[in-house]
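>
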Amino acid sequence: MPELPEVETTRRGIRSALRGRRISEFVLRNHKLRWPVDHKLAQVLPGRHVRDVRRRAKYLLIDLDGGTLIAHLGMSGSLRVLPCETPWLKHDHYEIRLDKGSCLRFNDPRRFGSLHWVTGDPLEHPLLAGLGPEPLGAGFDGAYLAGRAKGRKVAVKQFLMDQRIVVGVGNIYASEALFRAGIHPRRAAGKVSPERYARLAAAVQAVLGEAIKQGGTTLRDYVNADGTPGYFRQKLYVYERDGQPCRKCHTPIRKLAQGQRSTYFCPSCQK
DNA sequence: ATGGGCACCTGGCTGC
DNA sequence: TGCAGCCAGGTGCCCA
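Note that the working numbering has the first sequence beginning at -6, numbered continuously upward.
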């Protein structure tokens, strides 16, 4: 999926098109996403206005009068703003039609995405309640990471991707942040020094911030709200670069498997 | 509590 | 050309 930078880029793209607008219709073409989408949304949503579009972790929160839509893009999902007359494409699953002829449409080949409607505080929804701090907000730094890592034997790369520890870091940016911090992805989380956690926290913030500026990373499916790809791919140091020379020391980048996911690293720069 | 593995699903690529 | 096998921006859940 889209990781934090891609979700944030999507948020910025759809927010300007949605805010203040009135929903005229909700069309559910395929309710079989990660969790079944409630067909009643077709009755519940029309007439409501969009107050704001927020992001928490990799979830988009679309605040309406009297409730919030919680949308997740899964691995391959994208939300785009389109003219209402645009024909349905393969893997288009739902559409929020707005006044003035535009609509927000969700496309997701793998259907790992989701859509929930809540009338209370969305941050208290079970999917969101246990999430860790935002990496670009207060409460995330090296001291925090070091504290959470005490005694943990899990590899630091998997630790960093645990959304209960810190949100938003997925498979691409975990490898990239560890490279920037010079930390070997297989090192036990509890055996990384506080000094190196300070470097790692700064690296996470830097790589996510830079990726947001570039509109995210497009590998395959991901497109922004206006259909354009993200341009951060050319700035990646290690992800999907196995066998190619390290951009700092020219040692070939290596690939390994951790928790059924690929990890990329430089065996010379990362210890 | 922690760690490890599987499941959900489709499509694109590789190699025989 | 056909097809099996493997891999892909995530994460909830089950088991030891």
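Backbone N, C-alpha and C define an ideal beta-carbon position, used for all residues, glycine too.
Mind checking who Leu249 pairs with in its DSSP beta bridge?
Answer is Thr256, bridged to Leu249.
> Decide if the region 163 to 177 is in contact with the region 132 to 139; the criterion is three or more beta carbon pairs, one per stretch, under 8 Å apart.
As far as the Cβ criterion goes, the region 163 to 177 does not touch the region 132 to 139, which means the pair count is below three.
> What residue range is occupied by the uninterrupted beta strand (DSSP E) comprising Tyr230?
From DSSP, Tyr230 is part of no beta strand (DSSP E); its letter is neither H nor E.
> So Arg103 and Met68 are supposed to be a Cβ contact under 8 Å. How far apart are they, rounded?
With 8 Å as the limit, Arg103 and Met68 qualify as a contact, their Cβ atoms being about 5 Å apart.
> For Tyr52, which of Gly60, Arg213 and His65 has the nearest alpha-carbon?
For Tyr52, the nearest C-alpha among the options comes from His65.
> Would you call the CB atoms of Tyr224 and Val200 closer than 9 Å?
No; because the gap between Cβ atoms is not below 9 Å, this pair is not in contact.
> Are the region 226 to 236 and the region 246 to 259 in contact at 8 Å, needing three or more beta carbon pairs?
Judged by Cβ distances under 8 Å, the region 226 to 236 makes contact with the region 246 to 259, as three or more pairs qualify.
> Are the region 92 to 101 and the region 203 to 213 touching by the rule of at least three beta carbon pairs closer than 8 Å?
Cβ pair count under 8 Å is below three, so no.
> How big is the Cα-Cα spacing for Glu127 and Ile158?
Approximately 10 Å between the Cα atoms of the pair.
> Is the region 7 to 19 close to the region 34 to 46, with three or more CB pairs under 8 Å?
Yes, the region 7 to 19 touches the region 34 to 46.
> Per DSSP, what kind of secondary structure is Lys143 in: helix, strand or coil?
Of the three classes helix, strand and coil, the one that applies to Lys143 here is coil, per DSSP.
> What residues are listed by DSSP as bridge partners for Pro268?
With the chain covering -6 to 264 only, the question about residue 268 has no answer from this structure.
> Taking the alpha-carbon positions, what's the Ile176 to Gly209 distance?
Cα to Cα, the separation comes out at about 23 Å.
> On the DSSP bridge list, what partners appear for Lys150?
Beta-bridge pairing links Lys150 to no other residue.
> Taking buried to mean at least 16 other C-beta atoms within 10 Å of its own C-beta, is Lys143 buried or exposed?
Exposed.
> Consult DSSP for Tyr52 and reduce its assignment to one of helix, strand or coil.
It is a strand residue.
> Indicate whether Pro115 and Leu54 have their beta-carbon atoms separated by less than 9 Å.
Yes.
> State the beta-bridge partners of Leu21 as determined by DSSP.
In DSSP, Leu21 forms a bridge with Tyr87.
> Taking the alpha-carbon positions, what's the His86 to Trp28 distance?
His86 and Trp28: Cα-Cα distance of roughly 13 Å.
> Can you give the Cα-Cα distance for Arg8 and Thr2, rounded to whole angstroms?
Roughly 10 Å between the two C-alpha positions.
> Looking at the ligand PLP, does it come within less than 8 Å of Pro119, judged from the CB to the closest heavy atom?
Summarising the ligand content, the structure contains no ligands, and the ligand PLP is consequently not present.
> Out of Leu75, Pro(-5) and Asp101, state which residue places its alpha-carbon closest to the alpha-carbon of Leu26.
Cα-wise, what sits closest to Leu26 is Asp101.
> Can you tell me whether Ala204 is helix, strand or coil according to DSSP?
Of the three classes helix, strand and coil, the one that applies to Ala204 here is helix, per DSSP.
> Exposed or buried, which one is Pro178 when buried takes at least 16 other CB atoms within 10 Å?
By the 10 Å Cβ count, Pro178 comes out buried.
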